[in-house]
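J.: Numbering (the working numbering), first residue to last: 105 to 309.
Sharing a structure with you now.
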Amino acid sequence: MRAELALTVVADNTALRRGLMAEHGLAIWLEYAGTQFLLDSGQGLVLMPNLKTLGLEMQALAGVAVSHGHYDHTGGIVSLMQARTRPLPIYAHPDILATKFSCSDGICHEVGVDAATRRLLHSSQVDLLLTSAPRQLIPGLWLTGRIPRQYPVETRATPFFLDREARTADPLDDDQALFAEVEGGIVVILGCAHAGLINTLAYVQ
Numbered sequence: 105m106r107a108e109l110a111l112t113v114v115a116d117n118t119a120l121r122r123g124l125m126a127e128h129g130l131a132i133w134l135e136y137a138g139t140q141f142l143l144d145s146g147q148g149l150v151l152m153p154n155l156k157t158l159g160l161e162m163q164a165l166a167g168v169a170v171s172h173g174h175y176d177h178t179g180g181i182v183s184l185m186q187a188r189t190r191p192l193p194i195y196a197h198p199d200i201l202a203t204k205f206s207c208s209d210g211i212c213h214e215v216g217v218d219a220a221t222r223r224l225l226h227s228s229q230v231d232l233l234l235t236s237a238p239r240q241l242i243p244g245l246w247l248t249g250r251i252p253r254q255y256p257v258e259t260r261a262t263p264f265f266l267d268r269e270a271r272t273a274d275p276l277d278d279d280q281a282l283f284a285e286v287e288g289g290i291v292v293i294l295g296c297a298h299a300g301l302i303n304t305l306a307y308v309q
């Protein structure tokens, strides 16, 4: 299926319109074939105010796709669910619930899903749909699932670990992208592309 795709950046580290706020994080509202989804939810500080400013109706959402389990992409899930009147599907890789740290110069900070979001994801307020395989959200709109690391040029050390002692590197297997079939080709929508841009595009192809 090929359909029109419209994207609206709700949270980002810049705000280019009066009345919007910025934060370190990402949330993208997308409409495809008349259906609305949210890719990520930022840290959660600006999601709800920006949705209101942009005139986007949260009750219309068909689901939230999570690109990976870092706090600046998952932190708005709690405020979104608190404002909704019914449960919402959350599409993600199982490793979004892993404990995650960023370590530099011997100092480690927890950067995974925060405690409040973790509790919510295990509650009846959400329909948590976890898979590492590709998933079609609606005809023509897909989540990649885990992205194979095919190209060594994009395989490098990162500051991300699964433990506070920085002993076990985080493979970031939960990193995934959205892609949509449109007239003229395919649009790929990235979170942080921790799996690598070349790897992601090759896998979508």
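Even for Gly, the Cβ is constructed at its ideal location relative to N, Cα and C.
For a test of the three-state rule: what should DSSP assign to H177, helix, strand or coil?
T.: Working through the sequence shown from its first residue, we reach residue 177 at position 73. Three-state result, H177: helix.
J.: Can you check whether the CB of L143 is closer than 8 angstroms to the CB of L134?
T.: Along the sequence shown, read from residue 1 onward, the residue named residue 134 stands at position 30. Along the sequence shown, read from residue 1 onward, the residue named residue 143 stands at position 39. Contact flag set, yes.
J.: Does the beta-carbon of I211 have 16 or more other beta-carbons within 10 angstroms, so that it is buried, or is it exposed?
T.: The count along the sequence shown starts at 1 and reaches residue 211 at position 107. Around the beta-carbon of I211, fewer than 16 other beta-carbon atoms lie within 10 Å, marking it exposed.
J.: Let me know the secondary structure DSSP gives L234 once reduced to three states.
T.: Against the sequence shown, residue 234 aligns to sequence position 130. DSSP places L234 in strand when its eight states are reduced to three.
J.: Run through DSSP, which three-state label would E258 get?
T.: For the purposes of this step, residue 258 is identified with residue 154 of the sequence shown, where counting begins at 1. Three-state result, E258: helix.
J.: Do S145 and H172 have their C-beta atoms within less than 8 angstroms of each other?
T.: The residue given as residue 145 occupies position 41 in the sequence shown. The residue given as residue 172 occupies position 68 in the sequence shown. Against a cut-off of 8 angstroms, the Cβ pair of H172 and S145 comes out as no contact.
J.: Thinking P256 and D231 are a contact (beta carbons under 8 angstroms), I'd like their distance in whole angstroms, please.
T.: Residue 256 sits at position 152 when you count from the first residue of the sequence shown. Residue 231 sits at position 127 when you count from the first residue of the sequence shown. Their Cβ separation, rounded to whole angstroms, is 38 angstroms, which puts P256 and D231 out of contact at 8 angstroms.
J.: For the alpha helix (DSSP H) that contains R188, what are its first and last residues?
T.: In the sequence shown, residue 188 corresponds to position 84, counting from 1. First-last for R188: undefined, no H or E at that position.
J.: Can you give me the Cβ contacts of T248 inside the same chain, cut-off strictly under 8 angstroms, excluding the 5 residues immediately before and after it?
T.: Stepping through the sequence shown from its first residue, residue 248 is reached at position 144. Excluding residues within five positions, the ones whose Cβ falls inside 8 angstroms are P238, Q280, A281, L282, F283, T304, Y307, V308.
J.: Please give me, in chain order, every unbroken run of the beta strand (DSSP E) with length at least 3 that falls completely inside the segment 117-164.
T.: 131-136, 139-143
J.: Going straight from the alpha carbon of Y209 to that of F265, what length do you get?
T.: Along the sequence shown, read from residue 1 onward, the residue named residue 209 stands at position 105. Along the sequence shown, read from residue 1 onward, the residue named residue 265 stands at position 161. A small fix is needed here, since residue 209 is Asp in this sequence, not Tyr. Straight-line Cα distance between these residues: approximately 13 angstroms.
J.: Beta-carbon within less than 6 angstroms of G123's beta-carbon, same chain only, minus the 5 sequence neighbours each way: which residues are those?
T.: As a position in the sequence shown, residue 123 is number 19, starting the count at 1. Contacts found: T157.
J.: Inspect the beta-carbon positions of G216 and T235 and report whether they are closer than 8 angstroms.
T.: Indexing the sequence shown from 1 puts residue 216 at position 112. Indexing the sequence shown from 1 puts residue 235 at position 131. No, they are not a contact pair.
J.: Between which residues of its own chain and L160 is the CB-CB distance below 6 angstroms, once the five residues before and five after are set aside?
T.: For the purposes of this step, residue 160 is taken as the residue at position 56 of the sequence shown. Around L160: W133.
J.: With respect to the beta strand (DSSP E) encompassing T112, which residues constitute its N-terminal and C-terminal limits?
T.: By 1-based counting over the sequence shown, the position of residue 112 is 8. Unbroken beta strand (DSSP E) run through T112: 109-115.
J.: Going by beta-carbon coordinates alone, are A299 and C207 separated by less than 8 angstroms?
T.: For this step, residue 299 is matched to residue 195 along the sequence shown. For this step, residue 207 is matched to residue 103 along the sequence shown. It is not a contact, given that the beta carbons lie outside the stated cut-off.
J.: Identify which residue in N117, D274, C296 has its Cα closest to the Cα of E214.
T.: As a working mapping, residue 214 is identified with position 110 in the sequence shown. With distances taken between Cα atoms, E214 lies closest to D274.
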